[in-house]
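To keep things clear, I will list the structure first and then write my remarks on it.
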């Protein structure tokens, strides 16, 4: 009998711990699928961040390293410089990358480090009970902005992709989501392109994923997907912000 679908060998057999409706699992899977399809799994080294995905070293079937909070780009830089032939990537949430790790990601991009950074943006601190994040939308209610984020009090959301795209060392920057089949397929293409940028030694590659957090948003999984479409995408438009015409 022909096999038409099977579990990717890029993931281990350990069950995910994520909340129902969280799209971290989808993002894990498509990154793992791309590594297998590109035949780079055995050469890949991932760096785990601190946050909901702190233990994704238990899920990816490649070599993984745990970094201190926000320091994944610095750790990945060291790994890539010692092992230039390996495919090195970070997997980070918005609390990790866009808050405590802002300096790390900005300077890794400015230096043109030959790594891939996969950034999962769900607009809240997911692991620590849903506090306001740098990516929280204006008016969005969180545990630390119970009346909604107010620009006069807490400032504006940070659009990381747009900001990093201004840096010369950033070669490829794209924002995607995983709310339906079409967007998942586009996300896979973005992941593959980021890895190809690294394969060619061109510089820093960054892919941002708009992701759900049903538990802290107080929504069911289906409504969470629609909330991304109606609220997150207007603030964080999808598309390529750097490297659109890059041929790799």
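Residue numbers (this note's numbering): 92 to 339.
By construction, the Cβ of each residue, glycine as well, lies at the ideal position given by its N, Cα and C atoms.
Closest by C-alpha distance to residue 136, out of 206, 111, 265, is 206.
Residue 130 sits in coil when the DSSP states are folded into three classes, being neither helix nor strand. Annotated three-state conformation of residue 299 is strand, per DSSP. In this structure the segment 164-171 lies against the segment 195-210, because at least three pairs of beta carbons, one per stretch, are closer than 8 angstroms. One alpha carbon belongs to residue 229, the other to residue 185, and they sit about 16 angstroms apart.
For residue 148, the CB contacts under 8 angstroms within the same chain, skipping 5 residues up- and downstream, are 137, 139, 155, 156, 157 in chain order. When Cβ pairs closer than 8 angstroms are counted between the two stretches, the segment 218-226 is seen not to touch the segment 291-300, the count staying below three. Apart from the 5 residues on each side of it in sequence, residue 208 sits with its Cβ closer than 6 angstroms to the Cβ of 181, 297 in its chain, given in chain order.
Per DSSP, reduced to three states, the secondary structure at residue 226 is coil, with no helix or strand assignment. Looking at the DSSP output, residue 212 bridges to 301.
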